[in-house]
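Under my numbering, the residues of the sequence shown are numbered 2 to 316, in order.
What follows is a short report on a single structure.
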Amino acid sequence: MSQKLNAAITVIGIDIGKNSFHIVGQNHRGVIVLRQKWSRGQVEARLANLPPCLIGMAACVGAHHLSRKLQLLGHDARLMPAKYVRPYSKGQKNDFRDAEAITEAVQRPTMKFVATKTADQLDLQALHRVRERLVGQRTGVINQIRAFLLERGIAVRQGPHSLRFELPGLLATRTDVLSPRMLRIVEGLADDWRRLDARIEGLSSEIETLAHQDEACQRLMTVPGIGPIISSAMVAAIGTGDVFSKGRDFGAWLGLVPKQISTGDRTILGSISRRGNRYLRTLFVQAAWVVLVKVRCWERYGLNSWIEAAKKRLH
């Protein structure tokens with residue numbers, strides 16, 4: 002790019018790909034002066050030669066890493082949810098049109114941006130995602146064991162603890178209905194269960210250690226009911242939470258507020274919107290049910306009256 006062209010570019014939109022990046026640049030009048038396809042290795046090198054400018058990207062895989070790199074180069078790199086960029090796309094979809102839509106969207110004064118995650122946040126997020134996957138696999142193994150036993154007329158009480166306690170005895174005594182082949186299958190699943198337990202326990206311990214070392218997690222854990230898992234998941238998702246002006250905004254972002262479909266003078270509220278981070282919302286809902294089920298555990302926090310009122314609203 003010529004030196005004159007470099008000086009003319011004020012806003013850039015980048016459509017991120019696996020091996021290639023589509024770049025669209027505008028000048029201060031909104032005229033497109035750059036439309037090129039760069040390889041992954043060319044992006045940082047070429048943008049390093051540009052004067053500081055506004056750079057927009059959709060918050061997708063690899064966007065946080067690139068955003069940090071561009072910020073170190075002096076650029077104002079901003080990430081946006083892809084669903085907020087889509088309305089600015091015109092005509093047929095292609096990579097250059099997507100980059101052009103990003104260029105338009107990043108300049109909107111009402112655009113909601115995504116905070117750039119640090120490397121530590123991404124590491125913590127990776128731990129949670131691996132743990133979530135393993136918990137899902139463990140649940141699948143437990144359900145499969147129950148199904149195989151039920152096919153042989155053996156019903157086990159509800160809950161994983163009951164199955165864990167009764168399974169060795171069932172495998173040893175119910176050889177009248179469990180064939181040798183089925184015994185080997187269930188024993189193999191039980192081994193899988195133990196291995197998954199060990200992996201999950203190791204990840205949980207690592208997350209707990211990191212949570213106790215992080216200042217933001219420590220502050221969150223002063224809230225009744227917030228432990229290492231939820232606090233670390235929050236920090237991994239939103240960092241210090243500077244993007245939210247108040248707690249209600251966080252609840253709305255997480256999808257814990259009623260879905261609103263209002264028009265004119267009519268205000269219609271439905272079920273919770275279920276938008277935002279599904280994993281974090283699941284943790285909060287599970288924690289809320291624990292609070293509602295074990296009311297006496299929260300007496301010292303003075304939450305009894307609020308919990309009882311919440312129970313009445315639920316029924």
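Where a beta carbon is used, it is the ideal one built from N, C-alpha and C, also for glycine.
For SER233 and ALA212, believed in contact at Cβ under 8 Å, the rounded distance: Translated into the one-based positions of the sequence shown, residue 212 becomes position 211. Translated into the one-based positions of the sequence shown, residue 233 becomes position 232. Indeed, because the Cβ distance is near 4 Å, the residues count as touching under 8 Å.
Close beta carbons around LEU128, own chain, < 7 Å, minus the five adjacent residues each side: As a working note, residue 128 is residue 127 in the sequence shown. LEU204, GLU207 and ILE208.
C-alpha gap between VAL107 and LEU281, whole angstroms: Sequence index remark: in the sequence shown, residue 107 carries index 106 (1-based). Sequence index remark: in the sequence shown, residue 281 carries index 280 (1-based). Near 27 Å, if we compare the C-alpha coordinates of LEU281 and VAL107.
Residue of ILE143, LEU197 and ALA59 minimising C-alpha distance to GLN159: Numbered from its first residue, the sequence shown carries residue 159 at position 158. Among ILE143, LEU197 and ALA59, the Cα nearest to that of GLN159 is on ILE143.
Separation of LEU71 from LEU48, as counted between CA atoms: Position 47 of the sequence shown, counting from 1, holds the residue named residue 48. Position 70 of the sequence shown, counting from 1, holds the residue named residue 71. Taking the straight line joining both Cα atoms gives about 8 Å.
Sequence-distant residues of its chain with Cβ nearer than 7 Å to SER68 (five each side left out): Along the sequence shown, one-based indexing puts residue 68 at 67. Counting only Cβ-Cβ distances below 7 Å, and skipping sequence neighbours, we find MET58, ALA78, LEU80 and THR117.
Residue interval of the beta strand (DSSP E) (run including GLN272): Residue 272 sits at position 271 when you count from the first residue of the sequence shown. According to the sequence as given, residue 272 is Ser; it is not Gln. It spans 270-273 - the beta strand (DSSP E) in which SER272 sits, taken as one unbroken run.
Length of the line joining the Cα atoms of ASP177 and GLY170: Your numbering for residue 177 matches position 176 in the sequence shown. Your numbering for residue 170 matches position 169 in the sequence shown. Spanning the two alpha carbons is a distance of roughly 13 Å.
Given 8 Å, three or more beta-carbon pairs between the stretch 215-230 and the stretch 305-315: no
Endpoints, alpha helix (DSSP H) assigned at ARG153: Working through the sequence shown from its first residue, we reach residue 153 at position 152. Taken as a continuous stretch (DSSP letters only), ARG153 belongs to no alpha helix (DSSP H), as it is neither H nor E.
Closest residue to VAL291 among LYS113, LYS312, ALA83 and ALA102 (Cα-Cα distance): Start at 1 with the first residue of the sequence shown, and residue 291 comes out as number 290. If we check each option's Cα against that of VAL291, LYS312 comes out closest.
Cβ-based burial, CYS218 [other Cβ within 10 Å; buried from 16]: The residue labelled residue 218 in the question sits at position 217 within the sequence shown. Its Cβ being crowded by 16 or more others within 10 Å, CYS218 is buried.
Distance between ARG175 and PRO181 (C-alpha atoms, nearest Å): Along the sequence shown, read from residue 1 onward, the residue named residue 181 stands at position 180. Along the sequence shown, read from residue 1 onward, the residue named residue 175 stands at position 174. Rounded to the nearest angstrom, the two C-alpha atoms are 11 Å apart.
Nearest residue (CA-CA) to HIS66, options PHE97, LYS84, ALA120 and ARG87: By 1-based counting over the sequence shown, the position of residue 66 is 65. Minimum Cα distance to HIS66 is reached at ALA120.
Spatially closest choice to LEU293 from GLY256, LEU35, ALA310 and LEU74, by CA coordinates: Reading the sequence shown from its first residue, position 292 is the one you call residue 293. Checked all of GLY256, LEU35, ALA310 and LEU74; the closest Cα to LEU293 is ALA310.
Range of the contiguous alpha helix (DSSP H) that encloses HIS66: Within the sequence shown, numbered from 1, the residue matching residue 66 stands at position 65. Residues 64-73.
GLY63 versus ASP99, ASP250, ILE17 and GLY92, residue with shortest Cα-Cα distance: As a first step, residue 63 is located in the sequence shown; it is residue number 62 there, counting from the start. Here the closest residue by C-alpha is ILE17.
Contacts around SER90, its chain only, beta-carbon distance under 6 Å, and the 5 residues preceding and following it disregarded: For the purposes of this step, residue 90 is taken as the residue at position 89 of the sequence shown. Within the same chain, SER90 has close Cβ partners ARG98 and ALA102.
Residue range of the alpha helix (DSSP H) that includes HIS213: Locating residue 213 in the sequence shown gives position 212, counting from the first residue. Taken as a continuous stretch (DSSP letters only), the alpha helix (DSSP H) holding HIS213 covers 181-214.
Collapsed DSSP secondary structure at HIS76 in the structure displayed: Numbered from 1 along the sequence shown, position 75 holds the residue referred to as residue 76. The answer is coil: DSSP assigns HIS76 none of H, G, I, E or B.
Beta-bridge partners of GLY57, as assigned by DSSP: For the purposes of this step, residue 57 is taken as the residue at position 56 of the sequence shown. The partner list for GLY57 (beta bridge, DSSP) reads GLY14 and ARG79.
Secondary structure of LYS84, DSSP reduced to three states: Counted from its first residue, the sequence shown places residue 84 at position 83. Residue state, collapsed to three classes: helix.
Whether CYS61 touches THR11 by CB criterion (8 Å): Counted from its first residue, the sequence shown places residue 61 at position 60. Counted from its first residue, the sequence shown places residue 11 at position 10. No, they are not a contact pair.
Nearest-angstrom Cα separation, counted from ASP192 out to VAL25: Residue 25 sits at position 24 when you count from the first residue of the sequence shown. Residue 192 sits at position 191 when you count from the first residue of the sequence shown. Computed Cα separation, rounded: 54 Å.
Residues that DSSP places opposite GLY26 in a beta bridge: Sequence index remark: in the sequence shown, residue 26 carries index 25 (1-based). Its beta-bridge partners are ILE13 and LEU35.
Inter-stretch contact (C-beta, 8 Å, three-pair minimum) for the stretch 269-284 and the stretch 249-260: yes
Alpha helix (DSSP H) segment containing PRO259, residue limits: Along the sequence shown, one-based indexing puts residue 259 at 258. Element bounds for PRO259: not the alpha helix (DSSP H) but the beta strand (DSSP E), 259-261.
Minimum C-alpha distance to ASP124 - residue among ALA238, ILE262, VAL286 and VAL244: Locating residue 124 in the sequence shown gives position 123, counting from the first residue. Out of ALA238, ILE262, VAL286 and VAL244, ALA238 has the C-alpha closest to the C-alpha of ASP124.
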